[in-house]
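So the protein lines, in turn, are chains A and B.
Those letters in the first sequence? Residues 1 to 382, per our numbering, in order.
Those letters in the second sequence? Residues 1 to 252, per our numbering, in order.
Inspection log for the structure reproduced underneath, given as structure tokens.
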Amino acid sequence: MRFLFKTDYEDDIKLFPHSGYIYSYGLLLAVLLIAPYVLSSYLMSQLVFVCIYATVGVGLLILTGFTGQASLGHAAFLAIGAYTAAYLQQFNVPFPVYFLAAGLLTGVVGALVGFPALRLQGIYLVIATISFAFIVEEILARWESVTNGNEGMRVKTMQLGTTVSRDGPTFYYLCLAVLVLTIVGTLNLLRSPTGRAFVAIRDSETAARSMGINVALYKVKSFAISAAITGFAGVLFAHKLSFISPEMFTLQLSIEFIIVILIGGTFSLHGAVLGAIFLVMIDPFLTYLKDDMPGVIGGMAATLGAGTERAGHIQDAVAAFASANGLKGAIYGIIIVLFVLFEPLGLYGRWLKIKLFFQLFPLYKRATFKRQKIYVKSERNR
Amino acid sequence: MSYFRAENLSLHFGGLKAVDAVSFAVEKGEILSIIGPNGAGKSSIFNLISRIYPPTSGKIFFEDQDITQEPAYDIAKLGIARTFQNIELFENATVLSNLLVGRHRHSTTRLWQELLFLPSVRAGEKAHRRRVEQVIEFLDLEPYRDKLISGLPYGVRKVIELARALCSEPKLILLDEPSSGLNVEETDDMSFWIRDMKSELGITVLMVEHDMTLVNRVSDRVIALNYGRVLAMGSPSEVQHHPDVVAAYLGA
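Have a look at this one:
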């Protein structure tokens, strides 16, 4: 076990508490940089989605994890980013300009959503953000002169000096860079007064106010930053899919973003990345369920002594189940419930537990992560 | 003119007069205690001063400035800090970040500077940390710096709340029952700190307290309230022996 001996205030400010972090993150970065030359194109494509989802996850974490304001409307912010890019592309605006414009516009919209949200708490805020997402979806479908309505919009291949193919390594590096910069920026924010103000608002608005924090202003800031990050991700999302239409940005996508942070862990930025990996891996799992699972189960039934006809029936039943409509939604629901019940700290929380187990071996106590009793707080002062 | 002044302050909830035309003044550098039975309106006065409730009528002046209409977050910026009866700490943050939030009113950095963590932000963080360390030393909180609030015992939380208020370098501090839930020894420490706050840090103290030993030890003056009205005002012993106060506590 390592004991950190702090000799300077700098020790509590720096991003990497000790050299071990520099080595492990350096190694991770090296692996990610050589990935395009090693991994198959399918896995690379998945990795790009991980980067995009993780970026949105970081944005959502700022709002939900650190400021304590739930949102089920982030698909709408992604849509605004994506559509801004697709719209500006028509006028031959270069990528850096429409990338920044998309983030800026989404940030402004996020701030506007933040204002009515000032008076809402908990479940009411969730409902308000869902309504916002529906409004945006509807606008995208109806405002045909700009969005081309339900026909959707084609997104041209990115021009950045040269042509950047959505399947090439350059696009992957771009997504990775956006993710890394987002994470670093967010970490900087969290170790500054603004980040602490966010956390203060999450834990006690009354106390935050009496410490001189303008709660309304910081909530709006949090909404704006979270939305802007999601808008940036939206531009990359649009390029990756090369075609966008309103039905891509539904409530289910917002729920996927919630899954990302809930499963990863809402208390640390690691959670956004782990959650994104988890979510992106659900899709290949579903494909496996659909394509291979019925055969495997049928084969197993045959080996266990079921007749050919019986095994055929079982195989059909499994196939029908695996390709049923809404199976994805059901699986999402089950995953959320299981995590909330059994692993409320998410994958990153599990990782910390495993790490501590080995650090303290054989003295690890399960109770270390048990929440202590919370003393009465005055609800009436909210 | 007095340092801090409440004039005919009232707070009515429908027909209930929680605070009823209360007037008092606090002189610079004094420790003024407000006592009274439960429901006398003591904490309501604090909530009026820190603008959690808007007063039904009356005015509040601080350093000859009318602060009755200031937004709640500006009260701290003027130099009035407070603690809460039921402890309002940021539970899922470390002691250090709780205390650093106390420095919020002194932070000058802008959002874009913080995103890039420019040298100015770094220097600001170190300056804040230095001030926080002074408060940590003042209140003997060294063992708890990196601990999460949710894992700390009640007595320590009480001190941390005081520390957070001190970190904002207030001119006037409002203490809402600083000794409630503390044992005899911790109450002793608290009374020393309150006196040191006055003598070493030059902070004016306004406190609500039930523990008469603590009140007698530290207060320069005492106000007794009942049913939202001022019963008596004066030195601790004067107020304690005032017939109306005796009647309010013992029944007449």
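Every residue, glycine too, gets a C-beta built ideally from N, C-alpha and C.
Hey, would you say residue i sits closer than 9 Å to residue j, going by beta carbons?
i, j, result
"residue 62 of chain B", "residue 7 of chain B", "no"
"residue 196 of chain B", "residue 138 of chain B", "yes"
"residue 284 of chain A", "residue 89 of chain A", "no"
"residue 319 of chain A", "residue 59 of chain A", "no"
"residue 45 of chain B", "residue 215 of chain B", "no"
"residue 25 of chain B", "residue 5 of chain B", "yes"
"residue 228 of chain B", "residue 41 of chain B", "yes"
"residue 237 of chain B", "residue 220 of chain B", "no"
"residue 82 of chain A", "residue 254 of chain A", "no"
"residue 329 of chain A", "residue 263 of chain A", "no"
"residue 189 of chain A", "residue 111 of chain B", "yes"
"residue 155 of chain A", "residue 241 of chain A", "yes"
"residue 52 of chain A", "residue 233 of chain A", "yes"
"residue 231 of chain A", "residue 7 of chain A", "no"
"residue 103 of chain A", "residue 235 of chain A", "yes"
"residue 397 of chain A", "residue 271 of chain A", "Here chain A has residues from 1 to 382 only, and residue 397 of chain A is not among them."
"residue 125 of chain B", "residue 9 of chain A", "yes"
"residue 171 of chain B", "residue 80 of chain B", "yes"
In whole angstroms, what is the alpha-carbon distance linking residue i and residue j?
i, j, result
"residue 296 of chain A", "residue 304 of chain A", "12 Å"
"residue 322 of chain A", "residue 302 of chain A", "19 Å"
"residue 34 of chain A", "residue 244 of chain A", "30 Å"
"residue 28 of chain B", "residue 204 of chain B", "6 Å"
"residue 277 of chain A", "residue 213 of chain A", "36 Å"
"residue 164 of chain A", "residue 4 of chain A", "45 Å"
"residue 269 of chain A", "residue 100 of chain B", "21 Å"
"residue 184 of chain A", "residue 97 of chain A", "22 Å"
"residue 69 of chain B", "residue 105 of chain B", "19 Å"
"residue 21 of chain B", "residue 54 of chain B", "14 Å"
"residue 238 of chain A", "residue 179 of chain B", "59 Å"
"residue 35 of chain B", "residue 215 of chain A", "32 Å"
"residue 245 of chain B", "residue 39 of chain B", "15 Å"
"residue 55 of chain A", "residue 91 of chain A", "27 Å"
"residue 201 of chain B", "residue 134 of chain B", "11 Å"
"residue 381 of chain A", "residue 206 of chain A", "Below a pLDDT of 50, predicted positions are generally treated as unreliable, and residue 381 of chain A, at 44, falls in that range; no measurement from the model is reported."
"residue 246 of chain A", "residue 325 of chain A", "20 Å"
"residue 386 of chain A", "residue 251 of chain A", "The displayed coordinates of chain A run from 1 to 382. Any statement about residue 386 of chain A would go beyond what the structure contains."
"residue 11 of chain A", "residue 12 of chain B", "51 Å"
"residue 230 of chain B", "residue 367 of chain A", "50 Å"
"residue 365 of chain A", "residue 108 of chain B", "43 Å"
"residue 30 of chain B", "residue 168 of chain B", "19 Å"
Give me, in chain order, the residues of the same chain whose beta-carbon lies closer than 6 Å to that of residue i; leave out the 5 immediate sequence neighbours on both sides.
i, result
"residue 224 of chain A", "107, 110 and 111"
"residue 254 of chain B", "Outside the modelled stretch of chain B, which goes from 1 to 252, sits residue 254 of chain B, for which no answer is possible."
"residue 49 of chain A", "280"
"residue 22 of chain A", "16"
For residue i, is the classification buried or exposed, using 16 other Cβ atoms within 10 angstroms of its Cβ as the cut-off for buried?
i, result
"residue 316 of chain A", "exposed"
"residue 185 of chain B", "exposed"
"residue 211 of chain A", "buried"
"residue 374 of chain A", "Residue confidence is low: residue 374 of chain A scores 43 on pLDDT, short of 50, so the model does not pin down where it sits. Its coordinate-derived value is still stated next. With fewer than 16 other Cβ atoms within 10 Å, it is exposed."
"residue 241 of chain B", "exposed"
"residue 115 of chain A", "exposed"
"residue 18 of chain A", "exposed"
"residue 132 of chain A", "buried"
"residue 151 of chain A", "exposed"
"residue 65 of chain A", "buried"
"residue 342 of chain A", "exposed"
"residue 140 of chain B", "exposed"
"residue 99 of chain A", "buried"
"residue 57 of chain B", "exposed"
"residue 119 of chain A", "exposed"
Is residue i near the ligand GTP, judged by its Cβ being under 8 Å from some heavy atom?
i, result
"residue 135 of chain A", "As far as ligands go, the structure on display features none, and thus does not contain the ligand GTP."
For residue i, I'd like the list of residues in its chain whose CB is within less than 7 Å of its CB, leaving aside the five on either flank, ordered along the chain.
i, result
"residue 222 of chain A", "62, 63, 67, 69 and 198"
"residue 191 of chain A", "13"
"residue 37 of chain B", "226, 248 and 249"
"residue 182 of chain B", "155, 158 and 190"
Residues in its own chain within less than 8 Å of residue i by CB, not counting five upstream and five downstream?
i, result
"residue 314 of chain A", "297, 298, 301 and 306"
"residue 125 of chain A", "69, 70, 71 and 117"
"residue 157 of chain B", "87, 89 and 149"
"residue 161 of chain B", "83, 84, 87, 88 and 89"
"residue 130 of chain A", "72, 73, 251 and 254"
Handout entry: Near-chain C residues of the stretch 185-209 of chain A (beta-carbon distance less than 8 Å), N- to C-terminal order
Key = Looking for chain C here will not work: the only protein chains present are A and B.
Problem - Contacting positions in the stretch 286-319 of chain A - beta carbon closer than 7 Å to chain B - result: none
Exercise for the section: Give the residues from the stretch 211-222 of chain A that approach chain B closer than 8 Å (Cβ to any Cβ), ordered along the chain. Expected result: 211, 212, 213, 214, 215 and 221
Practice task
Note down, in chain order, all residues in the stretch 5-22 of chain A with a beta-carbon under 8 Å from any beta-carbon belonging to chain B.
Solution key: 9, 10, 12 and 13
Exercise for the section: Report the residues of the stretch 64-89 of chain B with a CB closer than 8 Å to any CB of chain A, ordered along the chain. Expected result: 71, 72, 73, 74, 75, 76, 77, 81, 82, 84, 85, 86, 87, 88 and 89
Exercise for the section: Closer than 7 Å, Cβ to Cβ, to anything on chain A: give me those residues from the stretch 100-122 of chain B, in chain order. Expected result: 100, 101, 102, 104, 105, 107, 109, 111, 114, 115, 116, 117, 121 and 122
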